[in-house]
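Only one structure is covered here, and it is reproduced in the block below.
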Amino acid sequence: MRLYREKLLVGLFIFFAVFSSAFAQQKGFTITGKLNNLSQPAKVFLCYDGGKSNESIDSVMTESGVYQFSGSVKKPGIAMIYVNTMGTTIQDLWEDDHINQLRFFLENTALTVSAVDSIKHGKVSGSRWNDEYQAYTRFVLGETDTTFMSLRYAIPKYLRNSAASSREIDVKHYQYLLAHFEQQLKFVALHPDSYFSLYALTEITRNAYITDVLRTQAAYNSMAAGLRNTPEGQHIAGRLKRARPGSKGMTAPDFVQYDQDGKPVSLSSYRGKYILLYFWALGNDLIKVENYWIRKAYDTYKDKNLVIIGICTDDIKRKSNWLKNLQENKLPWTQVAGMKAGLVDVAKLYGIQGTPESVLITPDGKIASRSLNGAELQFLLAESIVR
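Read in order, the letters of the sequence shown correspond to residues -24 to -1, 1 to 363 in mature numbering (1 follows the signal peptide of the UniProt record, and there is no 0).
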């Protein structure tokens, strides 16, 4: 839970840093809140960007349900209010599945927060930018965020990292990401002048799930020139450019790498088959779960014109570790050392930002999809090969 929260905040802080001069700056902010139906005093926490990549945390006790914060922010951004009636620390709240929180847009202005039963159902007034942010999140997330998190919370904490639970979460997470991605593109199309359209593309290109670079590029091109020319707009353009060579619909770049016996393996030698490039790294715990899905794909489609090439992205200096891993796991598909081991860095060639990640190539040498993991891989293989 905390990791999800921190990744969200970091992304938003970075994004809105480039717009600090675009917002009217007052001397500071005040937040006045009222918690109705509160049977006992509670501690209220406010978390926001304190500048220089630090997170500021302030806290006050309620008096007859009323609380107030004051301060200033150097740039607008996302803030969180947490209500604690149990006397625990803010760290304990972050780990709580049923956390009582309100996420809103904070700028230097006077804000009012009203909540009848729970702060997570609270309403913030006094900020036009917060109104736009809330409209964006409602449009993009809808019920999908609540549905996905409800599934995750339904699984006991001690089981969440198990292979079975990870696979179940994988399936729903894939569906969640697809729905999220589609809604983000729709938002950009409807609001080409909105700063939150730029944020949508920031999120897509920073989170390594650019499954369709060409559509993302088209959405970027449709935005107002003023947004594209901002520093963050240029960062997005750069990320799209780097991802394009390995993007959906493009011709798959050829390469020659070497397997564990030192024999050359070329992509072009498998022309006429479906090819799954499986990028992985030593010491990554996610690989253990992903190997389950890759093995399932291998067992299901090995006789249906599918070839799998495992590409280890570690430095060739770790070759002995790589060979030991292959021997221990006895993975049946073709394996090559992909980074600094052959003629090219294959991960860089395909714009791979992290592992595990897979790229599916059609028999005619075109990239069918990328950024594949877990259940999403199974869906795509069934759609592409069995039809």
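Note that the Cβ used here is the ideal one computed from N, Cα and C, for glycine as well.
Fair warning: this is a prediction, and the values are worked out from it, not measured in the lab.
Please name the residue in 161, 76, 258 whose C-alpha comes closest to that of residue 115.
The shortest C-alpha separation from residue 115 is found at 161.
Contacting residues, own chain, Cβ-Cβ under 8 Å from residue 342 (five flanking each side not counted):
If we look at residue 342 and ignore the five residues flanking it on each side, its Cβ neighbours are 225, 226, 227, 228.
Assign residue -3 to one of three DSSP states: helix, strand, or coil.
For residue -3, the predicted structure reports a pLDDT of 49, less than 50, and the residue's modelled location is therefore unreliable. A value from the coordinates is still provided. DSSP places residue -3 in helix when its eight states are reduced to three.
Exposure of residue 327, with buried meaning 16 or more beta-carbon neighbours within 10 Å
The residue in question, residue 327, is buried, as its Cβ has 16 or more Cβ neighbours within 10 Å.
Which residue or residues does DSSP assign as beta-bridge partners of residue 240?
234
Straight-line CA distance for residue 106 to residue 255?
40 Å
Beta strand (DSSP E) segments (min. 3 residues) lying fully within the region 312 to 355:
333 to 337, 343 to 348
Rank 287, 171, 332, 323 by C-alpha distance to the C-alpha of residue 108 and give the top, closest one.
Selection 287, 171, 332, 323 evaluated against residue 108 yields 171 as nearest (Cα-Cα).
Backbone CA spacing between residue 82 and residue 42 [nearest angstrom]:
When the Cα atoms are used, residue 82 and residue 42 turn out to be separated by approximately 19 Å.
Excluding sequence positions up to five away, which residues of its chain have a Cβ less than 8 Å from the Cβ of residue 241?
232, 233, 234, 235, 285, 310, 312
Among 174, 182, 25, 192, whose alpha-carbon lies nearest the alpha-carbon of residue 202?
174
Cα separation between residue 164 and residue 49?
Counting only the Cα atoms, residue 49 lies some 27 Å from residue 164.
Would you check if the region 269 to 281 and the region 338 to 353 touch, i.e. whether three or more CB-CB distances between them fall below 8 Å?
yes
For residue 97, count neighbouring C-beta atoms within 10 Å of its own C-beta (all shown protein chains included) and say buried if the count is 16 or more, exposed if not.
exposed
Cutoff 8 Å; reference residue 213; Cβ partners in own chain excluding five residues on either side
Within the same chain, and ignoring the five residues on either side of residue 213 in sequence, the residues whose Cβ sits closer than 8 Å to its Cβ are 196, 204.
For residue 188, which option in 220, 199, 182 has the closest C-alpha, if you only look at C-alpha atoms?
220
Kindly indicate the opening and closing residues of the alpha helix (DSSP H) around residue 16.
Note, residue 16: premise wrong, no alpha helix (DSSP H); not H, not E.
So which of 38, 57, 40 has the shortest CA-CA distance to residue 24?
57
Please report how far the alpha carbon of residue 166 lies from the alpha carbon of residue 101, in whole angstroms.
24 Å
If we ignore side chains and look at the alpha-carbon of each, how far apart do residue 169 and residue 54 end up?
20 Å
Should residue 114 be flagged as near chain C, meaning a C-beta pair shorter than 9 Å?
Absent here is chain C; the protein component of the structure consists of one chain.
With residue 223 and residue 190 assumed to form a contact (beta carbons below 8 Å), what rounded beta-carbon distance in angstroms separates them?
6 Å
For residue 215, count neighbouring Cβ atoms within 10 angstroms of its own Cβ and tell me buried if that reaches 16, exposed if not.
buried
When you compare the CB positions of residue 87 and residue 33, do they come within less than 9 Å of one another, or not?
no
Quick check on this structure: which residue in 332, 37, 278, 321 has the alpha carbon closest to the alpha carbon of residue 308?
278
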